[in-house]
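>
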Amino acid sequence: DPLGPRPLPGRGLSRVSGRPGAWACRGVRWASGSGPARPGCLGPPGPAPRPRARAPSRPGRALHVSRAARSGGGGGAGGREGRGGAEAGRSGSPGGAGGGLAGGAGLKMANVGLQFQASAGDADPQSRPLLLLGQLPHLHRVPWSHIRGKLQPRVTEELWQAALSTLNPNPTDSCPLYLNYATVAALPSRVSRHNSPSAAHFITRLVRTCLPPGTHRCILMACEQPDAFASACALARAFPLFTRRSGAARRTEKKTVVVEFFLVGQDNGPLELSTLQCLASATEGVRLAARIVDTPCNEMNTDTFLEEIKKVGKELGIAPTIIRDEELKTRGFGGIYGVGKAALHPPALAVLSHTPDGATQTIAWVGKGIVYDTGGLSIKGKTTMPGMKRDCGGAAAVLGAFRAAIRQGFKDNLHAVFCLAENAVGPHATRPDDIHTLYSGKTVEINNTDAEGRLVLADGVSYACKDLGADIILDMATLTGAQGIATGKHHAAVLTNSAEWEAACVTAGRKCGDLVHPLVYCPELHFSEFTSAVADMKNSVADRDNSPSSCAGLFIASHIGFDWPGVWVHLDIAAPVHAGERATGFGVALLLALFGRASDDPLLNLVSPLGCEVDTQEGDTERDSKRRRLV
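What follows is the structure in structure tokens.
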């Protein structure tokens, strides 16, 4: 900071009355002069720090999560919110996570790189600001010998212990150790059964508010080994990459944040190189997804999204399959074509396929990629349309997760299917009352053009079933505004034909920090909401009070059939795809954890609730033979 060290808001320096040379900081004080510091005093012996002029507070530092305006069109399926994040160049170190593929030719992204290292090394916090973060019991278990080189000569062991004694997390707390250069922050020591033991959401908030400013900074994260994956992904969310602020284009210096994990518990050694590489791949995927979601449609249209897919394919050595524009119509993709035909940039179905030798089953991830959702002719209002750039969050998460999964080694066939379209208004737009024939062969009467996500996904899952021969189909989408009402802003909603996979999604969410909660799966009671007199079904429910998020998912499932013998999982991520006006990259960590047992990576194996064996016991039903067993 050109103005020198700045206290964070609420942590200003002031002189202590009656004590010449003494300064108070957030109710804790230290004295100038030589000699050892007294217990309970935070600060160095020696000359008193001189207060500097305070710079204006930065915008965008608020903790609150704004309520996302979303419409309930299509039984809650039309309106969504969520988006933000970005991404810059990749670090050259093995544990580097600069965010991977930065988009926007000639446009500047936020230039912050993450580096995960087994040891961050020693440095004076005045030259490399430091944040120490963890649950309070874990912070107490960090030996002074491990952090001494990161804090001295500014902070003594006595001052470190005094700082820990002042922390009272409820749910979090923080304390500055040395001006604005070193801070210790405590996470909740306990969480409820529907939260992640890592307290991932609080990690992101604390990093955003407590990490000191600087070009080169360091975070030391104290946690147990099973929480390292969720903690790393939460850290990544605090560093969004997309920006179009004019000042960013003038800044040329590369900012780096070095992250070191101190493991407590049984596995308390430094992280292995393979673990660091996994964390780098996962966090790059999170930041990639967030950047795509944050980018407005004048830059992230269907053409641009296809370029992002091609970049990932080129990096992985995979040539994408792309079907678009009039070819969609001639090949029977009436859902994707009908939604996107009015837009300047034509719709597309794109597929990245990983088919290794020795694969025992085929998995398809299908992502909804509506790059902008006006609602179509059932148009959204002026308060519900802003933010609809975020309607491609499902496809963005699938892309980020696919990139990370293949980089870490994936043993089964894995297909990433992207259903891309812009739901625009124009002379060629789909009208209410139109009837489209989808790729499944079923006809759909359109009674709400703002219930478009289910139409493109219906084509996507049908393609995965018919053309890719998938045993497991998972679709991910910012599908319904009602999802936020059903499961809240922090938990995605899961709907599936398998009780085992429902439980697995919840468990994986707790392990990776992308939280999930089940919806009601009852097609015999709910699918009648789509009854049509002239087609096989309508695309929007008759009664919006009858579990609209469940109904929207059932619409998708109907195009592979409720009697299909494979596993179908639907994840509605409408609310958690964003926090305030920034994307979270939600879904990347969840997919990596959920399918971690199909990975060659030990860390992903650790956080996965599923085994990769195929159950072929004699007498099992065809459905059971395709389901992945729990371990």
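Heads up, the sequence shown is in the numbering used here, so the first residue is 3 and it goes up one at a time.
From the three backbone atoms N, C-alpha and C, an ideal C-beta is built for every residue, glycine too.
Bear in mind the structure is a predicted one, so any value in this text is a computation, not a measurement.
With C-beta atoms as the reference, is Leu573 less than 8 Å away from Leu422?
Not closer than 8 Å, so no.
> Below 8 Å on the Cβ atoms is my contact criterion, and I expect His528 with Asn541 to pass it. Report the Cβ-Cβ distance as a whole number of Å.
His528 to Asn541, Cβ: 15 Å. No contact.
> Where does Tyr374 fall in DSSP's three states?
Strand.
> Taking 8 Å as the threshold (beta carbon to beta carbon), is Thr386 in contact with chain C?
Looking at the structure shown, chain C is missing, and only one protein chain is on hand.
> Which residue or residues does DSSP assign as beta-bridge partners of Phe263?
DSSP, once it has assigned bridges, lists Met223 as partnering Phe263.
> With Ile558 and Ala398 assumed to form a contact (beta carbons below 8 Å), what rounded beta-carbon distance in angstroms separates them?
Ile558 to Ala398, Cβ: 19 Å. No contact.
> Taking the runs of the alpha helix (DSSP H) that are 4 residues or longer, which of them lie wholly in the segment 289-364?
You should have 304-318, 328-332 and 336-342.
> Between which two residues does the alpha helix (DSSP H) holding Asn450 run?
Counting along the chain, Asn450 falls outside any alpha helix (DSSP H), and DSSP gives it neither H nor E.
> Answer yes or no: do Ser610 and Ala510 have a C-beta to C-beta separation smaller than 8 Å?
A contact, by the Cβ cut-off of 8 Å.
> Could you have a look at Phe231 and say whether DSSP puts it in helix, strand or coil?
The answer is helix: DSSP assigns Phe231 an H, G or I state.
> Out of Phe404, Arg433, Gly340 and Pro178, which one is the CA nearest neighbour of Ile381?
Ranking Phe404, Arg433, Gly340 and Pro178 by Cα distance to Ile381 puts Arg433 first.
> So, Ala122 versus Val341, is the Cβ gap smaller than 8 Å?
Going by C-beta atoms, Ala122 is not nearer than 8 Å to Val341.
> So, are the CB atoms of Thr277 and Ala350 less than 8 Å apart?
No, the pair does not count as a contact, with Cβ atoms beyond the cut-off.
> Where does Tyr180 sit, in a helix, a strand or coil, going by DSSP?
Strand at Tyr180.
> Since Phe420 sits in a beta bridge, which residues does DSSP pair it with?
BP columns for Phe420 point to Ala352 and Gly369.
> Please state whether DSSP places Met539 in a helix, a strand or coil.
Strand at Met539.
> Tell me the residue span of the alpha helix (DSSP H) that contains Pro525.
Its alpha helix (DSSP H) spans residues Pro525 to His528.
> Got a sec? Which residues, its chain only, sit under 6 Å from His196 by beta carbon, not counting five neighbours each side?
Contacts found: none.
> Assuming contact is defined by CB atoms lying nearer than 8 Å, are Leu354 and Phe412 in contact in what I supplied?
It is not a contact, given that the beta carbons lie outside the stated cut-off.
> Less than 8 Å between the CB atoms is what I'm expecting for Val368 and Phe264, so what's the real figure, rounded?
Going by Cβ atoms, the distance from Val368 to Phe264 rounds to 39 Å, so no, they are not a contact pair.
> Between the alpha carbons of Gly106 and Ser167, how many angstroms are there, rounded?
Bear in mind that a pLDDT of 46 at Gly106, under 50, signals an unreliable position, so the model cannot answer this.
> Give the single residue among Ser552, Cys467 and Glu274 whose Cα lies nearest to the Cα of Gly486.
Closest by alpha carbon: Ser552.
> Since Leu153 contacts Pro127 with CB under 8 Å, what's their CB separation in whole angstroms?
The pair is a contact, with the Cβ atoms about 6 Å apart (cut-off 8 Å).
> Decide if His580 is buried, meaning its Cβ has at least 16 other Cβ atoms within 10 Å, or exposed.
Flag for His580 reads buried.
> Reducing DSSP to helix, strand and coil, say where His196 ends up.
Note: His196 maps to coil in three-state DSSP.
> Give the DSSP-derived three-state secondary structure of Gln128 in the structure shown.
Correct three-state label for Gln128: coil.
> Rounding to the nearest angstrom, what Cα-Cα distance links Trp32 and Met111 in this structure?
Residue placement at Trp32 cannot be trusted, given a pLDDT of 41 that sits under 50; what the coordinates show is reported in the next sentence. Taking the straight line joining both Cα atoms gives about 41 Å.
> Taking the alpha carbon of Val571 as the point to measure from, which residue in His356, Gly555 and Glu583 has its own alpha carbon closest?
Taking only the C-alpha atoms, the option nearest Val571 is Gly555.
> Over the uninterrupted beta strand (DSSP E) stretch that includes Thr432, give me the two end residues.
That residue, Thr432, is in no beta strand (DSSP E); it is neither H nor E in DSSP.
> Among Pro550, Gly515 and Phe564, which one has its Cα closest to the Cα of Leu593?
For Leu593, the nearest C-alpha among the options comes from Gly515.
> Closer than 8 Å is the cut-off here; do at least three beta carbon pairs connect the segment 268-284 with the segment 230-248?
With a cut-off of 8 Å, the segment 230-248 and the segment 268-284 count as touching, because enough Cβ pairs lie within range.
> Run through DSSP, which three-state label would Thr258 get?
Three-state DSSP puts Thr258 in a strand.
> Could you tell me which residues DSSP puts in a beta bridge with Met478?
In DSSP, Met478 forms a bridge with Gly369 and Leu573.
> Does the beta-carbon of Lys391 have 16 or more other beta-carbons within 10 angstroms, so that it is buried, or is it exposed?
It is buried - the Cβ of Lys391 has at least 16 other Cβ atoms within 10 Å.
> Based on the DSSP output, what are the partners of Asn425 in its beta bridges?
DSSP, once it has assigned bridges, lists Asp375 as partnering Asn425.
> Whole angstroms are fine: how far does the CA of Ala576 sit from the CA of Ile372?
Going from the Cα of Ile372 to the Cα of Ala576 covers about 12 Å.
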